[in-house]
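Encoded as structure tokens, the structure appears first; notes follow it.
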Amino acid sequence: MSVKIEVIVGGVPHNKIMIAGFVCTLVCLYLSYLNVATNSTLFSFFGGLAAVAALIWGSHTIKVLCSYGIGTGVPSAGMIAFGSGIIAMLFATKFNVYAPIVAVILGAVIGLILGYLSNAVLNMKIPAMVQALTEMAVVGALTLMGFAVLITGSFTFAGLTTGSVKILGFISVPSYQVSFIGGGLTAVAFLLGAIAIQHPFNACLGPGWKQDRMLILTAECGFLSMIVAAVMSFAMVNVVAAVISLIVALVCWGYTYHQYILLSKRDAAAWLDSKPIPEMEGP
Amino acid sequence: MSAVAAKPSAGGAMNPTAMVVGLVMLIILLAIAWKMAPGLGLMALIGIIIGGVLIGFGVHFVPVGGAPAAMGQAPGIATGVAMLAAGAGVAGLFGGAWAAEQGLVVAVVTGGIGGGLMMAITCMLVNFVYVFGMGIPAASGKVLKDPITGDSQPEYKSQGTEGHGLPFVSFVGGVIGGILGGAGGTLIYIELLDLYKVTLPTVLNASAANVLPVAVSAAGMFAIALFLVNAVLTAYNITGTIEGPHDPKFKRWPRAIVASAVASALCGLVAILIVVPI
Numbered sequence: 011m012s013v014k015i016e017v018i019v020g021g022v023p024h025n026k027i028m029i030a031g032f033v034c035t036l037v038c039l040y041l042s043y044l045n046v047a048t049n050s051t052l053f054s055f056f057g058g059l060a061a062v063a064a065l066i067w068g069s070h071t072i073k074v075l076c077s078y079g080i081g082t083g084v085p086s087a088g089m090i091a092f093g094s095g096i097i098a099m100l101f102a103t104k105f106n107v108y109a110p111i112v113a114v115i116l117g118a119v120i121g122l123i124l125g126y127l128s129n130a131v132l133n134m135k136i137p138a139m140v141q142a143l144t145e146m147a148v149v150g151a152l153t154l155m156g157f158a159v160l161i162t163g164s165f166t167f168a169g170l171t172t173g174s175v176k177i178l179g180f181i182s183v184p185s186y187q188v189s190f191i192g193g194g195l196t197a198v199a200f201l202l203g204a205i206a207i208q209h210p211f212n213a214c215l216g217p218g219w220k221q222d223r224m225l226i227l228t229a230e231c232g233f234l235s236m237i238v239a240a241v242m243s244f245a246m247v248n249v250v251a252a253v254i255s256l257i258v259a260l261v262c263w264g265y266t267y268h269q270y271i272l273l274s275k276r277d278a279a280a281w282l283d284s285k286p287i288p289e290m291e292g293p
Numbered sequence: 020m021s022a023v024a025a026k027p028s029a030g031g032a033m034n035p036t037a038m039v040v041g042l043v044m045l046i047i048l049l050a051i052a053w054k055m056a057p058g059l060g061l062m063a064l065i066g067i068i069i070g071g072v073l074i075g076f077g078v079h080f081v082p083v084g085g086a087p088a089a090m091g092q093a094p095g096i097a098t099g100v101a102m103l104a105a106g107a108g109v110a111g112l113f114g115g116a117w118a119a120e121q122g123l124v125v126a127v128v129t130g131g132i133g134g135g136l137m138m139a140i141t142c143m144l145v146n147f148v149y150v151f152g153m154g155i156p157a158a159s160g161k162v163l164k165d166p167i168t169g170d171s172q173p174e175y176k177s178q179g180t181e182g183h184g185l186p187f188v189s190f191v192g193g194v195i196g197g198i199l200g201g202a203g204g205t206l207i208y209i210e211l212l213d214l215y216k217v218t219l220p221t222v223l224n225a226s227a228a229n230v231l232p233v234a235v236s237a238a239g240m241f242a243i244a245l246f247l248v249n250a251v252l253t254a255y256n257i258t259g260t261i262e263g264p265h266d267p268k269f270k271r272w273p274r275a276i277v278a279s280a281v282a283s284a285l286c287g288l289v290a291i292l293i294v295v296p297i
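Chains A and B, in that order, give the protein sequences.
Residue 11 is where the first sequence starts when you use the numbering used here, and the numbers rise one by one after that.
Residue 20 is where the second sequence starts when you use the numbering used here, and the numbers rise one by one after that.
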């Protein structure tokens, strides 16, 4: 038996958010492939937008999962999402142009097996568990891929492991240390994404939960992470491309922050009669 | 999770069918590794599975109190399983990684000591805060006598709570958990690092010294990722709070062993396939 603690009142259904998030993320990731077509890094900022779209989808998945009392806190869901996601993402980068698709498929497989393990072997018996963990692994993989594109302008294994260092100002030498994986930027991207995905539901949960407020907060957290990632991208991509990413991140963050404050003011004085916990039998 | 206390939904019962399915999955994953990456890859995967199981088993020892512990209403350290395990594991991993050059045994032992030290410091300072800051004695709610010191517990337990503070047995459990977790995390790191050091030069077509940063970062990242996956799965097994090795929930460890083994095999296999040409 599992206890569903919070009732979803109104709002956009989860499936709609999932499909919208999935399509937006993939489209944005492939738009960043214009980098290869135009032989520049100007379109790297699409990676950041892809990460934000995936984060919005993921935070709503966390809401679906954590509405059941899983007893381990909301952050654990974000941690398992990125722990399984980064493995899928790094493997998928081997497949060059197909990388986002492979990341989705591999993330889904890993998430499905982890969901089965927690529901059957660990006896959690939470109806949403398998689907939620599957989505979380995909979200983790796509978010990290988005940040990787934002920082390096590419989602291929070669692009993520190879950078270049200028010696004496003009001789460019390939270097493995100045790269997304070799420089350890993976770890920063990992936690930037994990904080952005686990914070919104943790901050907005309770009887006064409103879907639009939580999703705007997710976007705000996502763009905040994107600002940091854009600053890091100065080391890897063209200065112009990095400035474009930074401006996009700053403007979007300012807008979403303003919206979030407005929504918080809207909900602040409201009071919702939280009914006694409805007991529902699990399947 | 809402302010309404989460009721643990998972029971203590085992699910024999699922356990068998899990073991079959483990064998299939090992077979894939044997087929795709025989020799070094398979050895690395076995090391990763052992490391993952050590982490999964070790987390059961750590006294996790969660939000109730922060209010002094349950024994343990006042945070979630995932955070504590990640803290102990990453501390151990950093300790062990410094000793990576001195061979497997030294590195794994160093990692274990790093994790155990981190948990010992955490447990001691948590008790300082409980005793001198909140003014509550350490008392277990699950047992009548401390299994190690034999001290009687119920007299010190406040009414309406499940106990509070960190009794001695929980402290010892925390240190054991830290040692197992740190050693497991370091084992995963060393196995992956050894594999990447050998194979990455061919994959990237570069000299061994050049690809070392990539090998170290990738192995470290995968070790942390595997650690988090195993820690969260174990957290799901415990469902919230546990007092340490004397807690009745501790008896659920066989489930976590199977889950950790399969999860580590799955994630480890993907990590190994990165350097295998397909």
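C-beta: ideal position from N, C-alpha, C; glycine also.
As the structure is a computational prediction, the values presented were derived from the model and not from experiment.
Mark residue i as exposed unless 16 or more other C-beta atoms lie within 10 angstroms of its C-beta, in which case mark it buried.
| i | result |
| --- | --- |
| M143(B) | exposed |
| I313(B) | Since the displayed chain B opens at 20 and closes at 297, residue 313(B) lies outside it and no answer follows. |
| I257(B) | buried |
| Y108(A) | exposed |
| L163(B) | exposed |
| S171(B) | exposed |
| K176(B) | buried |
| L272(A) | exposed |
| M90(B) | exposed |
| H268(A) | exposed |
| N25(A) | exposed |
| N249(B) | buried |
| S189(B) | buried |
| L271(B) | A small fix is needed here, since residue 271(B) is Arg in this sequence, not Leu. Result: buried. |
| E181(B) | buried |
| S182(A) | exposed |
| E210(B) | buried |
| P85(A) | buried |
| T35(A) | buried |
| R276(A) | exposed |
Give every residue of the same chain whose Cβ lies closer than 6 Å to the Cβ of residue i, excluding the five residues on either side of it in the sequence, and list them in chain order.
| i | result |
| --- | --- |
| V17(A) | Note that V17(A) scores 48 on pLDDT, short of 50, meaning its location in the model is unreliable; the coordinates nonetheless yield the value given after this. Contacts found: none. |
| K161(B) | E262, D266 |
| L122(A) | T144 |
| Y270(A) | I226, L227, E230 |
| A139(B) | V194 |
Might you give, ordered along the chain, the residues of its own chain that have their beta carbon closer than 8 Å to the beta carbon of residue i, omitting 5 neighbours on each side?
| i | result |
| --- | --- |
| I15(A) | Reliability fails at I15(A), whose pLDDT of 49 lies under 50, so the model's placement of it is uncertain and no value is given. |
| A22(B) | Low confidence applies here, because A22(B) scores a pLDDT of 40, under 50, leaving its location unreliable and the question unanswered by this model. |
| F231(B) | The question names Phe, yet the displayed sequence has Leu at residue 231(B). Excluding sequence neighbours, L231(B) sits near K216. |
Below 8 Å between beta carbons: does that hold for residue i and residue j?
| i | j | result |
| --- | --- | --- |
| Y208(B) | G239(B) | yes |
| G108(B) | G201(B) | yes |
| F56(A) | L292(B) | no |
| G156(A) | A61(A) | yes |
| G58(A) | A259(A) | yes |
| M146(A) | A91(A) | yes |
| F246(B) | A290(B) | no |
| F80(B) | G154(B) | no |
| S283(B) | G71(B) | yes |
| F350(A) | V112(A) | Nothing can be reported for residue 350(A), as the shown portion of chain A is limited to 11 through 293. |
| F76(B) | L199(B) | yes |
| S235(A) | G193(A) | no |
| S152(B) | G197(B) | Position check: residue 152(B) holds Gly in this sequence, whereas Ser was assumed. Cβ distance not < 8 Å, so G152(B) and G197(B) don't count as in contact. |
| G150(A) | G95(A) | yes |
| I191(A) | L170(A) | yes |
| T205(B) | G115(B) | yes |
| V247(A) | T162(A) | yes |
| A87(A) | Q208(A) | yes |
| F167(A) | T103(A) | yes |
Which residues in the same chain have their Cβ closer than 7 Å to the Cβ of residue i, if we skip the five residues on either side of it in sequence?
| i | result |
| --- | --- |
| L44(A) | F53 |
| V281(B) | G41, M44, L45 |
| T172(A) | P184, Y186, S189 |
| T266(A) | I226, A229, E230, F233 |
| G203(B) | G70, G71, L73, I74, G77 |
| G31(A) | A63, A64, I66, W67 |
| A239(A) | G58, F157, L160, I161, A199, L202 |
| Y255(B) | none |
| P220(B) | S226, A227, V230 |
| T218(B) | V294 |
| I51(B) | L288 |
Does the Cβ of residue i lie closer than 7 Å to at least one heavy atom of the ligand SAH?
| i | result |
| --- | --- |
| L136(B) | With respect to small molecules bound, the structure shown includes none, and the ligand SAH cannot be examined in it. |
Quick one: what's residue i bridged to in DSSP?
| i | result |
| --- | --- |
| V83(B) | I96(B), I261(B) |
inquiry  = Runs of 4 residues minimum, wholly inside the stretch 114 to 195 of chain B: which ones carry the alpha helix (DSSP H) assignment?
reply    = If we require 4 residues or more, the alpha helix (DSSP H) runs fully inside the stretch 114 to 195 of chain B come out as 123 to 147.
inquiry  = Give the list of continuous beta strand (DSSP E) stretches no shorter than 3 residues that lie fully inside the stretch 166 to 190 of chain A.
reply    = Entirely contained in the stretch 166 to 190 of chain A, the beta strand (DSSP E) runs reaching 3 residues are, in chain order, 173 to 177, 181 to 185.
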